[in-house]
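Below is one structure, written out as structure tokens, with a few remarks after it.
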Amino acid sequence: MAAPRQLKKYRSDRQVLLFQSIKNGRTMWAESQLERNSLRYLEYLDDVVSFEEQPAQFAYIDDKNKERNYTPDIKTINKDGVEAYLEVKPQVFTKSRRAKERFNHLRMLFTEVKGVDYSYLTDAVVYEEKLTKNLKQIHHFRKLSLSKINISNLVVELGKSPSFGELIQYLKPLGFVKKYALSVLGNQIYKFDYKQELNEQTLLTLSEA
Numbered sequence: 002m003a004a005p006r007q008l009k010k011y012r013s014d015r016q017v018l019l020f021q022s023i024k025n026g027r028t029m030w031a032e033s034q035l036e037r038n039s040l041r042y043l044e045y046l047d048d049v050v051s052f053e054e055q056p057a058q059f060a061y062i063d064d065k066n067k068e069r070n071y072t073p074d075i076k077t078i079n080k081d082g083v084e085a086y087l088e089v090k091p092q093v094f095t096k097s098r099r100a101k102e103r104f105n106h107l108r109m110l111f112t113e114v115k116g117v118d119y120s121y122l123t124d125a126v127v128y129e130e131k132l133t134k135n136l137k138q139i140h141h142f143r144k145l146s147l148s149k150i151n152i153s154n155l156v157v158e159l160g161k162s163p164s165f166g167e168l169i170q171y172l173k174p175l176g177f178v179k180k181y182a183l184s185v186l187g188n189q190i191y192k193f194d195y196k197q198e199l200n201e202q203t204l205l206t207l208s209e210a
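2 is the number of the first residue of the sequence shown in our numbering; add one for each residue after it.
See the structure below:
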């Protein structure tokens, strides 16, 4: 697997969907709804500190001994600085014999030649019911400005692990309705288990500085 070369930012013959990432500090792009929502999923995945769409193209010899070029959909870097590559794909397209052969060959090359992990990120993960509902909700309200809320005071008053109900009640007398509490979560000032239903009893955790 040859050293990567950088790709153009996007192909003009494909649909381009935009995603604003705070974690990466820029607007990112995707070529499908699943890819875009995969970016949203990674935006809120605690172990991932940064991620990049279609980071590089690799030349390789496939399992049929043919020369190929391959571009991973996403590169991630975790808290330990470890890189990994992801292919975003509907789960139904990962099950055929040929898909498994191709995937296993690419995974072997990434592991043995590049020394990095390579895996699928499928719709079964990205669109898990409660996770999707939570991320859609908090990401939608993330755009609300929190500039009039003293975040330092909020953290002092609520501490490191308040409930969502306590966050709502703290903001209410200040004139901020529930959607601002959702914006606090969308901006990841506090986090919670996104795979569990969000309600007033949900325990929050203060994000690490």
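Quick reminder that beta carbons are idealized off the backbone N, C-alpha and C, glycines included. Predicted, not measured: the structure shown is a model, and the values here were computed from it.
- The beta carbons of T77 and F52 sit closer together than 8 Å.
- For L122, there is no enclosing alpha helix (DSSP H); the enclosing beta strand (DSSP E) covers residues 118-123.
- Shortest Cα-Cα distance from I139 to any of N105, L199, S208 involves L199.
- Burial check for L204: the Cβ neighbour count within 10 Å stays below 16, so the residue is exposed.
- Ranked by how close their Cα comes to the Cα of I23, the residues L207, G160, G187, R108 have G187 in first place.
- In the structure shown, T206 adopts extended strand secondary structure according to DSSP, grouped into three states.
- Look at N70 here: in three-state DSSP terms it is strand.
- By the Cβ criterion, the stretch 86-96 is in contact with the stretch 117-127, since at least three pairs of Cβ atoms, one from each stretch, lie closer than 8 Å.
- Note on geometry: alpha-carbon atoms of T112 and N66 lie some 19 Å from one another.
- Within the DSSP bridge table, the entry for L87 names I75, S120 as partners.
- Look at I139 here: in three-state DSSP terms it is helix.
- Each residue's CA atom was taken as its position, placing T95 and K101 some 7 Å apart.
- By the C-beta density criterion, V127 is buried, having at least 16 other C-beta atoms within 10 angstroms.
- For the pair L43 and I75, the Cα-to-Cα distance works out to about 10 Å.
- Counting the other Cβ atoms within 10 Å of the Cβ of N105 gives fewer than 16, which makes it exposed.
- Taking all protein chains in view, the Cβ of A31 is crowded by 16 or more other Cβ atoms within 10 Å, so the residue is classified as buried.
- In the three-state scheme derived from DSSP, where H, G and I count as helix and E and B as strand, K149 is classed as coil.
- Inclusion of F142 and K192 in the CB contact set at 8 Å is not warranted, their separation being larger than that value.
- When beta bridges are read from the DSSP output, K192 appears opposite T206.
- Beta-bridge partners of Y61 (DSSP): R69.
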